[in-house]
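According to the working numbering, the sequence shown is numbered sequentially starting from 1. Beta carbons: idealized from backbone N, C-alpha and C, even for Gly. Computed from a predicted model, the values in this text were never measured in an experiment. Working notes, beginning with the structure itself.
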Amino acid sequence: MSVTQIDIDDDALAEAMRMLGTTTKKDTVNTALREYVSRVRRIEALEKLSARAERGEFDEAIVERHDVRAR
């Protein structure tokens with residue numbers, strides 16, 4: 001882990017600490033960064049799933065599954 005000195009908005013930090021339930025600035029910043037990265041990854045995954053749905057990939061899978069079960 002690296003040491004970085006930055007200026008942080010005190011009001012935003014206090015609100016983030018309250019919302020995240022953290023007690024130190026370090027934990028707050030690290031938790032906020034991890035949660036942001038996780039959120040962006042979930043959004044990207046949802047966009048990929050949505051694109052697959054628009055192409056009808058899930059419809060094809062349902063039909064294939066139904067055909068296999070019908071045999």
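The Cβ neighbour count for residue 28, taken over all protein chains shown within 10 Å, is at least 16; the residue is labelled buried. Under the three-state reduction of DSSP, residue 3 is assigned to coil, being neither helix nor strand.
When the beta-carbon positions are compared, residue 52 and residue 58 come within less than 8 Å of each other.
Taking 8 Å as the cut-off, the beta carbon of residue 26 is found no closer than this to the beta carbon of residue 13.
Between the alpha carbons of residue 8 and residue 34 lies a gap of roughly 17 Å.
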